[in-house]
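Below is one structure, written out as structure tokens; the observations come after it.
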Amino acid sequence: MSATLEGPTTTDEFIKGLWKENPVFVQVLGMCPTLAVTNSAINALAMGLATMVVLVMSNAVISLLRKFIPKQVRIASYILIIASFVTAVEYVIQAVSLDLHKALGAFISLIVVNCVILGRAEAFASKNDLVKSLADGAGMGLGFTFALFLLGAVREVLGSGSLFGVAVLPASFQPWVIMILPSGGFFTLGSWLLFFNYLSKRKARKAALATAEVAS
Amino acid sequence: MVSVAKTLQLRTSPHVTSGASVDLIMRHVVWALVPTALFGVYAFGLTAAVTLSAALASCLLAEWLLCKWSEQPSTLSDWSVAVTGLLYGLTLPPGLPVWMTMLGGFIAVGLGKHLFGGLGYNPFNPALVGRAVMQAAFPVGMTTWHAAFGSGRFSSVPSSLFTFPFAAPEYTDALTSATPLAAWKFEHNLAAASDLVMGFTTGSTGETSAVLILLGGAYLAARKMMNWRIPLSIFVTVAVLTFALHLASPEAYPTAPFMLLSGGLMLGAVFMATDMVASPMTTLGVVIYGALIGVLTVTIRLWGGMPEGVMYAILLANAVAPHIDRLVRPTVYGTSGRKA
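These protein sequence lines map, in sequence, to chains Y and E. Position 80 (the first sequence) corresponds to 79 in numbering that gives the first Met the number 0; numbering is contiguous. Position 216 (the second sequence) corresponds to 215 in numbering that gives the first Met the number 0; numbering is contiguous.
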């Protein structure tokens, strides 16, 4: 039981972002890109990956510099570090696919103010070593990408009858226009939150039942 | 008056009731809607009957399922969901595919009512929530209107009605027609006021006949089952605003009778805006609420992109209804001034 005495391991830090502390479904952070750019699966995936890259890199740099950044100016320093990586990522996206860059628009630049990234910098990277910060950033980034993809996939399938631009439903399908509109983002996010809360509640109920049986 | 039993009883107030219950009032609302619904079936034929039945059936089914899943006592038998279903059906264009009607019914009851806690907790009128989602999801289906009083309306239905679930409907242009509001907005044709009063125009199943809607409203108002101040406030606001605008520029703005009688204003003002849960509780509050609906309706109709705006006006006013109540809260006797 030495692991519990030493606190969470690097693997734990990675795993927690995927499910238990998922940035979108559990922490409900970073709602602006979550609602704004998930009208198709490819947009959602690109936004998720871009955020993940920035998150991992900024976590690493902030973790390395955590002993040199004065407490009073830490937020400004974090934002400066995050903004540098966002600028780099924006140029990469522009070079790889101009269409994607146009589709995501201002929301790439807005990764700078994504509260998931600043939240991890403040709550984790500024207090932990490089390896753990990398694991935390990768886990949270993957969890964020996963959540965005779930939203984007549902909205694209129902809103345009396709997934990644490939038609998956018969041509006679009537698209639900609302799903591509901003209101569809709220409805989809709400439905996913409902589903995940239902799952976790059911799990808690089962665990309570199991302990009750053991006790009796 | 409920008679009190002879034995000593301990209970909290109210001790004297008028005998009104959700059950009783909702049943009377259904009766008040029956003439409008029957006229809709008469005007649009079998299509309207199918649409109304599908709307009613989907709302009842959703209510039953959601009460069961949320482990609440069933509110199926208190007629409130029947009102929702009937109202929702009356706002739909006849000829809307049955699968869309039913999907909207589930959304109306699920999203509009049960997600907020069921009967008595809905911040918006559930029927309008269903219609608003349908309008945003299927804009073409929701704005394709079949002409009223078609020759074969009791022997055949448009093919779009029974479209395969989730498939796009196909419309034949010969059967469709523009509503009076759309005709005014896009073609500058002003329908005759007499046609609008009687309901000889195209539109949603239940919105065409002004006189029957007012009759139903008058019945409810006479039985004190509806707050007549709400529709009156809406009508006065719309009439005054349109009259002034028409006076200022007769060619740019329609006449007041046209604005009052066309589209869903009558149905919305009498039966939707008066939703007991979603409207304000104070007398001054409902007057402000009605005026707000009137102003929003005129604004959306005359300067918005869409020909009709009653639905959005009512939903927006529903959203601010609690704030209106807060604003006009009466002073508590013995205290000085209001405390927020």
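Ideal placement from N, C-alpha and C gives every residue a C-beta, glycine not left out.
Burial is judged here by how many other beta carbons sit within 10 angstroms of a residue's own beta carbon; phenylalanine 185 of chain E has fewer than 16 and is exposed.
According to the DSSP assignment, lysine 223 of chain E belongs to no alpha helix (DSSP H), since it is labelled neither H nor E. Shown here, threonine 162 of chain E sits in coil according to DSSP, grouped into three states, outside any helix or strand. Look at glutamine 26 of chain Y: its C-beta is not under 8 Å from any C-beta on chain E. With contacts defined as CB atoms closer than 8 Å, asparagine 42 of chain Y and leucine 103 of chain Y qualify as a contacting pair.
For glutamate 12 of chain Y, the uninterrupted alpha helix (DSSP H) run begins and ends at 9 to 17, by DSSP.
Rounded to whole angstroms, proline 174 of chain Y and valine 15 of chain E show a C-alpha spacing of 54 Å. Taking one beta carbon from each stretch, the segment 137 to 144 of chain Y and the segment 51 to 60 of chain Y have 3 or more pairs nearer than 8 Å; the two touch.
The C-beta of isoleucine 74 of chain Y has fewer than 16 other C-beta atoms within 10 Å across all chains shown, which makes the residue exposed. Taking C-beta atoms as the reference points, methionine 197 of chain E and threonine 273 of chain E fail to come closer than 8 Å.
By the criterion of a C-beta distance shorter than 6 Å, glycine 183 of chain Y is surrounded in its chain by Arg154, Ile177, once the five residues flanking it on both sides are discounted. Residue state for histidine 187 of chain E is assigned as coil, using DSSP reduced to three classes. For alanine 268 of chain E, there is no enclosing alpha helix (DSSP H), as DSSP marks it with neither H nor E.
Taking leucine 314 of chain E as the centre and dropping the five residues before and after it, the same chain places the C-beta of Phe123, Asn124, Leu127, Val128, Ala131 closer than 8 Å to its C-beta, in chain order. At the C-beta level, cysteine 58 of chain E and glycine 39 of chain E stay beyond 8 Å of one another. According to the DSSP assignment, glycine 118 of chain Y belongs to the alpha helix (DSSP H) that extends over 114 to 119. With a cutoff of 8 Å on beta-carbon distance, alanine 61 of chain E and phenylalanine 105 of chain E are scored as near each other. The C-beta of arginine 204 of chain Y has fewer than 16 other C-beta atoms within 10 Å across all chains shown, which makes the residue exposed. Two segments are said to touch when three or more pairs of C-beta atoms, one from each, lie closer than 8 Å; by this definition the segment 21 to 38 of chain Y does not touch the segment 82 to 101 of chain Y. When Cβ-Cβ separations below 8 Å define contact, valine 132 of chain E makes contact with chain Y. In the three-state reduction of the DSSP assignment, valine 23 of chain Y falls in the coil class, being assigned neither a helical nor a strand state. At the C-beta level, threonine 50 of chain E and threonine 100 of chain E come within 8 Å of one another. Put simply, the CB of phenylalanine 165 of chain E is near chain Y, with a gap under 8 Å to one of its CB atoms. At a cut-off of 8 Å between beta-carbon atoms, isoleucine 179 of chain Y makes no contact with chain E. Following the DSSP letters along the chain, one finds phenylalanine 105 of chain E inside the alpha helix (DSSP H) bounded by residues 97 to 111. Counting only residues of its own chain and dropping the five nearest sequence neighbours on each side, phenylalanine 163 of chain Y has a CB closer than 7 Å to the CB of Ala40, Ile41.
Closest option to tryptophan 183 of chain E, judged by alpha-carbon separation, among E:Ala166, E:Ala167, E:Thr201, E:Glu169: E:Thr201. Counting only residues of its own chain and dropping the five nearest sequence neighbours on each side, glycine 262 of chain E has a CB closer than 8 Å to the CB of Thr178, Pro179, Leu180, Gly202, Glu206, Arg300, Pro306, Glu307, Val309. Counting only Cβ-Cβ distances below 7 Å, serine 171 of chain Y has contacts in chain E at Ala166, Ala167, in chain order. The beta carbon of glycine 103 of chain E sits closer than 8 Å to those of Ala54, Ser57, Tyr87, Leu91, Gly129, Arg130, Val132, Met133, all from its chain and outside the five residues before and after it, given in chain order. Residue pairing by DSSP places threonine 175 of chain E opposite E:His145 in a beta bridge. Residue pairing by DSSP places alanine 166 of chain Y opposite Y:Ser161 in a beta bridge. Collapsing the DSSP output to three states places phenylalanine 145 of chain Y in a helix. With a threshold of 8 Å between beta carbons, alanine 135 of chain E makes contact with chain Y.
Counting only residues of its own chain and dropping the five nearest sequence neighbours on each side, histidine 145 of chain E has a CB closer than 8 Å to the CB of Phe43, Thr46, Pro92, Pro93, Gly94, Pro157, Leu174, Thr175, Ser176, Thr201.
Under the DSSP assignment, phenylalanine 67 of chain Y falls outside any alpha helix (DSSP H); it carries neither an H nor an E label.
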